[in-house]
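Peer 1: Have a look at this one.
Number of protein chains: 2
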Amino acid sequence: MDEFARIRHWTDGRQSPSLLASQGVVLGIGDDAAVVGAPPSARGELEWLLAVDTMVETVHFNDATMAEEDVGWKALAANVSDIAAMGGTPRHALVSISVPQAWGPERVRRLYDGLYACAAHYGVAVIGGDTTSSPLHVVVAVTVTGTVAAGAAIRRAGARPGDAVFVTGAAGMAAAGLHYLLAAAAAGGTAPGAQVRPVPLAAAEAAGTAALVQAHRRPAPSVRAAALLAARGTVTSLNDVSDGLASEAWEIAEASGIVLALRESRLPRSGSLTAYAHRCGEDPLSWILYGGEDYVLLGTIAAEDADAAKAELEAAGLPMYIIGAAEEGAAAVELIRDRGADRGTDNGRGSASSHRREPLAKRGYNHFGG
Amino acid sequence: MDEFARIRHWTDGRQSPSLLASQGVVLGIGDDAAVVGAPPSARGELEWLLAVDTMVETVHFNDATMAEEDVGWKALAANVSDIAAMGGTPRHALVSISVPQAWGPERVRRLYDGLYACAAHYGVAVIGGDTTSSPLHVVVAVTVTGTVAAGAAIRRAGARPGDAVFVTGAAGMAAAGLHYLLAAAAAGGTAPGAQVRPVPLAAAEAAGTAALVQAHRRPAPSVRAAALLAARGTVTSLNDVSDGLASEAWEIAEASGIVLALRESRLPRSGSLTAYAHRCGEDPLSWILYGGEDYVLLGTIAAEDADAAKAELEAAGLPMYIIGAAEEGAAAVELIRDRGADRGTDNGRGSASSHRREPLAKRGYNHFGG
Numbered sequence: 001m002d003e004f005a006r007i008r009h010w011t012d013g014r015q016s017p018s019l020l021a022s023q024g025v026v027l028g029i030g031d032d033a034a035v036v037g038a039p040p041s042a043r044g045e046l047e048w049l050l051a052v053d054t055m056v057e058t059v060h061f062n063d064a065t066m067a068e069e070d071v072g073w074k075a076l077a078a079n080v081s082d083i084a085a086m087g088g089t090p091r092h093a094l095v096s097i098s099v100p101q102a103w104g105p106e107r108v109r110r111l112y113d114g115l116y117a118c119a120a121h122y123g124v125a126v127i128g129g130d131t132t133s134s135p136l137h138v139v140v141a142v143t144v145t146g147t148v149a150a151g152a153a154i155r156r157a158g159a160r161p162g163d164a165v166f167v168t169g170a171a172g173m174a175a176a177g178l179h180y181l182l183a184a185a186a187a188g189g190t191a192p193g194a195q196v197r198p199v200p201l202a203a204a205e206a207a208g209t210a211a212l213v214q215a216h217r218r219p220a221p222s223v224r225a226a227a228l229l230a231a232r233g234t235v236t237s238l239n240d241v242s243d244g245l246a247s248e249a250w251e252i253a254e255a256s257g258i259v260l261a262l263r264e265s266r267l268p269r270s271g272s273l274t275a276y277a278h279r280c281g282e283d284p285l286s287w288i289l290y291g292g293e294d295y296v297l298l299g300t301i302a303a304e305d306a307d308a309a310k311a312e313l314e315a316a317g318l319p320m321y322i323i324g325a326a327e328e329g330a331a332a333v334e335l336i337r338d339r340g341a342d343r344g345t346d347n348g349r350g351s352a353s354s355h356r357r358e359p360l361a362k363r364g365y366n367h368f369g370g
Numbered sequence: 001m002d003e004f005a006r007i008r009h010w011t012d013g014r015q016s017p018s019l020l021a022s023q024g025v026v027l028g029i030g031d032d033a034a035v036v037g038a039p040p041s042a043r044g045e046l047e048w049l050l051a052v053d054t055m056v057e058t059v060h061f062n063d064a065t066m067a068e069e070d071v072g073w074k075a076l077a078a079n080v081s082d083i084a085a086m087g088g089t090p091r092h093a094l095v096s097i098s099v100p101q102a103w104g105p106e107r108v109r110r111l112y113d114g115l116y117a118c119a120a121h122y123g124v125a126v127i128g129g130d131t132t133s134s135p136l137h138v139v140v141a142v143t144v145t146g147t148v149a150a151g152a153a154i155r156r157a158g159a160r161p162g163d164a165v166f167v168t169g170a171a172g173m174a175a176a177g178l179h180y181l182l183a184a185a186a187a188g189g190t191a192p193g194a195q196v197r198p199v200p201l202a203a204a205e206a207a208g209t210a211a212l213v214q215a216h217r218r219p220a221p222s223v224r225a226a227a228l229l230a231a232r233g234t235v236t237s238l239n240d241v242s243d244g245l246a247s248e249a250w251e252i253a254e255a256s257g258i259v260l261a262l263r264e265s266r267l268p269r270s271g272s273l274t275a276y277a278h279r280c281g282e283d284p285l286s287w288i289l290y291g292g293e294d295y296v297l298l299g300t301i302a303a304e305d306a307d308a309a310k311a312e313l314e315a316a317g318l319p320m321y322i323i324g325a326a327e328e329g330a331a332a333v334e335l336i337r338d339r340g341a342d343r344g345t346d347n348g349r350g351s352a353s354s355h356r357r358e359p360l361a362k363r364g365y366n367h368f369g370g
């Protein structure tokens, strides 16, 4: 197969004309550029959202942690999440993929299988791309478009003192899943020269870590939750948790010039994460606060609408957790710990109050409270 | 510098608020996604053009062939050219860059210097990006947007028998420039362990290859020519020469279901290319037909408008060459060679006519007539 035949093998006939038309696609893959108009279902004046996100072999995935299909799914899902984090509807994707000779067309085909599965799930039209060779490692850069009503994009900068802080799912699961995958791959070993294969999901099921592994491999961005929340008009800031809950909270705090005070007892905890952390002697809170790639939404909402928003999402089968409040003050993120959660990190100075506030580190994955 | 400080170092304050506003940018770099509306200067109903193009270290450039600034310029220019090739106006760019530790922030800064210089030249607003680490090689994927009046995008598929075939500049120069750069780098040698530096332009000037080297390093897409041509409404197909003149002609021929007959004597030839080819014993026609990355436009135009279009472009200081005609027949590209150009490849069978038609290979860089 030459390059053009390969691209057809990977992309031809993957999406129906009706899906493409519903996203306003005038001309898809195959010319110098794709052509799109306003999607027919969009009403009123639109603005366009654009974002790009990249996955690099050895940095974001390797043969043991993810199958090709997972890489394709996640490369698109991470971008879809960025559109959700602006309160928008994802529309189109363009895929740049650089592959080494050793991968061969069938591995690339499987990567596209996962990418198109994600596109089908979120109704995204894949309208263009570029395929190049790469000396050694796979690099996938996906660009997405989305739309919002003009002026309705939800930024990081709008949080006000008094707003409630929410998340749309449990954080830390993807980081815990990655921890398990790396440990399982190291323990499993591979015969020299043999092709490393992804740690099987069956092994993760036996180990009680399947939900964590799937959180790492197949993130499910909160697109429906974003649409419902954006329509309420009371969400004042919004981020997706790609770099960790603390890091994303800091971005909102700094952009909005407020303090975000998070209650430890309100942070949603996955049972698998708690059990797995206990088994490895890790602090689950470290993953929850500093683990990345969860792609749940973190935001602030007018306090008086928080309960109604939560009720609406839950009626639609979507979780929403109120985890704290925005407060006046110089930009900061603080964790309100319950006395029961005190793990002796205050070096015996004691704590008279029933709660203790601790500043959270600005960013980066590291162990909490250390 | 942490990652966020680096991104600010590379991108902060690079473009004026007025440039961003003129391209409809509501929100640029710094949130989950960029937000854009219709550019204020655009009139009537718009369609959006989207394209992505990738440059990979060792595949598209290396330390000897291009400086960091050249890589940045070319990564954006290749994309701007795709928008021109649809008859559109380039608007926005998003930059995905994966860099190995060894590059360091200053080399990346220089890459951005070149990219922003290209953006300034073409009025493109850089609105987003993603920076990741890379194990060994630099990969730059740039996505661009552009606009056209609704329905006005010029595809590959519209050429009709009788149309004139044109190009907006000489092809083959970038391939000849790369040939010189690789030869000069091989001849120059580098002390073991020393940093390889780009072959200096001064050396190319001395060798009479500066124009070829600049064609490879700093391609200048035909954006103004595209705008003037598109406005005439008589251009029936359009491609940019990224993969070689013959390859691009084949794309038009196949998409339109016609024969493109190109006259050898009409193909524009750069004097530097002819002289350099002569010096190395290479066939200049091979570079002209099969060399890539020239980013001139190749298209077809209603025959009756060809002279007027050429006159309009030339009055604006832009070259346009009528190099052949579209003919009825099964998709093919043929070169009409003049008897004088016969290099004896007919194995002594002779040629009674004053012209001879030869089919051109469908794609790929290889030696012509061999």
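Read top to bottom, the protein sequences are chains H and V.
Under the UniProt record's numbering, the first residue of the first sequence carries the number 1, and numbering increases by one thereafter.
Under the UniProt record's numbering, the first residue of the second sequence carries the number 1, and numbering increases by one thereafter.
The C-beta atom is built at its ideal place from N, Cα and C for all residues, glycine as well.
Note down the Cα distance separating A5 (chain H) from E205 (chain H), rounded to an integer number of angstroms.
Peer 2: Cα atoms of A5 (chain H) and E205 (chain H): separation of roughly 39 Å, rounded to the nearest angstrom.
Peer 1: E358 (chain V) bridges to which residues according to DSSP?
Peer 2: V:L335
Peer 1: In or out: E69 (chain V) buried (at least 16 other Cβ within 10 Å) or exposed?
Peer 2: buried
Peer 1: Quick one: give me the first and last residue of the alpha helix (DSSP H) that D63 (chain V) is part of.
Peer 2: From DSSP, D63 (chain V) is part of no alpha helix (DSSP H); its letter is neither H nor E.
Peer 1: Are the region 164-171 of chain H and the region 120-128 of chain H in contact at 8 Å, needing three or more beta carbon pairs?
Peer 2: no
Peer 1: Using a cut-off of 8 Å between C-beta atoms, extract the partners of L136 (chain V) located in chain H.
Peer 2: P135, L136 and H137
Peer 1: Output needed in chain order: residues of the region 147-173 of chain V with a Cβ under 7 Å from some Cβ in chain H.
Peer 2: A150, A153, R155 and R156
Peer 1: Determine which residues share a DSSP beta bridge with A93 (chain V) and list them.
Peer 2: V:V126 and V:V144
Peer 1: Identify whether G72 (chain V) lies in helix, strand or coil by the three-state DSSP scheme.
Peer 2: helix
Peer 1: Beta strand (DSSP E) containing L46 (chain V): first to last residue?
Peer 2: L46 to V56
Peer 1: Is the beta carbon of Y122 (chain V) sitting closer than 7 Å to the one on V80 (chain V)?
Peer 2: yes
Peer 1: Note the first and the last residue of the continuous beta strand (DSSP E) segment covering D12 (chain V).
Peer 2: Looking at the DSSP string, D12 (chain V) is not in any beta strand (DSSP E), and its letter there is neither H nor E.
Peer 1: Counting along the chain, where does the beta strand (DSSP E) carrying S16 (chain H) start and finish?
Peer 2: Here S16 (chain H) belongs to no beta strand (DSSP E), and DSSP marks it neither H nor E.
Peer 1: Could you work out which residue in H:V35, H:S96, H:L46 and H:A226 is closest to V56 (chain V) when comparing CA atoms only?
Peer 2: The residue from H:V35, H:S96, H:L46 and H:A226 with its alpha-carbon nearest to that of V56 (chain V) is H:S96.
Peer 1: Determine, for D82 (chain V), whether the minimum Cβ-Cβ distance to residues of chain H falls below 7 Å.
Peer 2: yes
Peer 1: According to DSSP, is Y321 (chain H) helix, strand or coil?
Peer 2: The answer is strand: DSSP assigns Y321 (chain H) an E or B state.
Peer 1: D243 (chain V): buried (16+ other C-beta within 10 angstroms of its C-beta) or exposed?
Peer 2: Its Cβ being crowded by 16 or more others within 10 Å, D243 (chain V) is buried.
Peer 1: Answer with yes or no whether the minimum CB distance from S96 (chain H) to chain V is below 7 Å.
Peer 2: By this cut-off, S96 (chain H) is an interface position.
Peer 1: Below 8 Å on C-beta distance, what does H92 (chain V) contact in chain H?
Peer 2: L50
Peer 1: Work out the CA separation of M86 (chain H) and A153 (chain H) for me, nearest whole Å.
Peer 2: 5 Å
Peer 1: Do L94 (chain V) and T132 (chain V) have their beta-carbon atoms positioned less than 7 Å apart in this structure?
Peer 2: The answer is no: Cβ separation not under 7 Å.
Peer 1: With a threshold of 16 other CB atoms inside 10 Å of the CB of residue 373 (chain H), please say whether the residue is buried or exposed.
Peer 2: This structure does not reach residue 373 (chain H), given that chain H is present from 1 up to 370, and the question cannot be answered.
Peer 1: Do three or more CB pairs link the region 256-268 of chain H to the region 324-332 of chain H at distances below 8 Å?
Peer 2: yes
Peer 1: Is the shortest distance between the beta-carbon of T143 (chain H) and the beta-carbons of chain V less than 7 Å?
Peer 2: With its beta carbon less than 7 Å from one in chain V, T143 (chain H) belongs to the interface.
Peer 1: In terms of residues, what are the limits of the beta strand (DSSP E) holding A150 (chain V)?
Peer 2: For A150 (chain V), there is no enclosing beta strand (DSSP E), since its DSSP letter is neither H nor E.
Peer 1: Against D240 (chain V), what residues of chain H qualify as contacts under a CB-to-CB distance less than 8 Å, listed in chain order?
Peer 2: Against chain H, the beta carbon of D240 (chain V) has neighbours under 8 Å at D32, listed in chain order.
Peer 1: With DSSP collapsed to three states, give me the class of S247 (chain V).
Peer 2: DSSP places S247 (chain V) within a helical segment (H, G or I) once states are collapsed to three.
Peer 1: Let me check one thing: in DSSP terms, what residues is I29 (chain H) bridge-paired to?
Peer 2: I29 (chain H) pairs with H:D31.
Peer 1: Check whether the Cβ atoms of L27 (chain H) and I83 (chain H) sit closer than 7 Å, and answer yes or no.
Peer 2: no
Peer 1: Counting beta carbon pairs with one atom in the region 232-250 of chain V and one in the region 100-115 of chain V, are three or more of them shorter than 8 Å?
Peer 2: no
Peer 1: In the DSSP assignment, what are the bridge partners of I288 (chain V)?
Peer 2: For I288 (chain V), which the question treats as bridged, DSSP gives no partner whatsoever.
Peer 1: How far does the beta strand (DSSP E) with residue 371 (chain H) in it extend, from its first residue to its last?
Peer 2: An answer regarding residue 371 (chain H) cannot be provided, because it is not within the stretch 1 to 370 covered by chain H.
Peer 1: Rounded to a whole number of angstroms, what is the C-alpha to C-alpha distance between E304 (chain V) and E293 (chain V)?
Peer 2: 30 Å
Peer 1: Let me check one thing: in DSSP terms, what residues is S98 (chain H) bridge-paired to?
Peer 2: H:T132 and H:V139
Peer 1: Would you say D53 (chain V) reaches chain H, if we count a Cβ-Cβ gap shorter than 7 Å as a contact?
Peer 2: yes
Peer 1: Relative to the alpha-carbon of P90 (chain V), which residue among V:L360, V:G24, V:I258 and V:W287 has its alpha-carbon at the smallest distance?
Peer 2: Closest option to P90 (chain V), judged by alpha-carbon separation, among V:L360, V:G24, V:I258 and V:W287: V:G24.
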